[in-house]
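Undergrad: I'd like to ask some things about the structure below.
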Amino acid sequence: MAEFRKCFHAIDTENTGVITVEALRSYMQRMHYKEQFVSKWISLFDPKNEGVITYEGYCKTLGLIPKRHEDDGADQARKKSPVEEGPKPTTSSIPTQVQDAGEKSAPSGE
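Next up, the structure:
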């Protein structure tokens, strides 16, 4: 579970609990993946074509139970992200299966 959470965090850099298509494209470019990465993730994690991948939907597709923040009652008005707090992952910590979906392309101009 932790490796998949780290992967989600690597793309959801704002820690919102949601990955947009733009965030996927940005990640794809940073990692020098082919466009196929975005289309595979969208087909897997956004089958209704809503334009976002939620953490809950991501976990459900992978057959995982998402961890949630516990509400201590101190701030009822503030919505908490469903994504567990923690250090941001490095690209080397992303599970190989998810990296393989990106199939790296040759860097352009580097």
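Just so you know, the UniProt record's numbering puts 86 at position 86 of the sequence shown, and the rest follows in order with no gaps.
Ideal Cβ placement from N, Cα and C applies to all residues, glycine included.
Note that the coordinates shown come from a computational prediction; the quantities given were computed from them, not determined experimentally.
Could you tell me the alpha carbon to alpha carbon distance between Y58 and F45, rounded to whole angstroms?
TA: About 6 Å.
Undergrad: In the DSSP assignment, find the unbroken beta strand (DSSP E) run with I65 in it and report its ends.
TA: No beta strand (DSSP E) contains I65, which DSSP labels as neither H nor E.
Undergrad: Can you tell me the Cα-Cα spacing of A74 and E35, whole angstroms?
TA: Caution applies to A74, whose pLDDT of 36 falls short of 50 and renders its modelled position unreliable; the value that the coordinates give is listed next. Answer to the nearest angstrom: the Cα atoms are 44 Å apart.
Undergrad: Beta-carbon within less than 6 Å of V18's beta-carbon, same chain only, minus the 5 sequence neighbours each way: which residues are those?
TA: Same-chain partners within the cutoff: V52, T54.
Undergrad: Determine the burial state of L64: buried for a count of at least 16 other Cβ atoms within 10 Å of its Cβ, exposed for fewer.
TA: The residue is exposed, with fewer than 16 neighbouring Cβ atoms inside 10 Å.
Undergrad: Can you list, in chain order, the residues of its chain whose CB lies under 7 Å from that of T61, leaving out five sequence neighbours each side?
TA: For T61, where only same-chain residues beyond five positions count, the Cβ hits under 7 Å are L44, F45.
Undergrad: Candidates M28, T16, C7: which alpha carbon is nearest V38's?
TA: For the residues M28, T16, C7, the minimum Cα distance to V38 belongs to M28.
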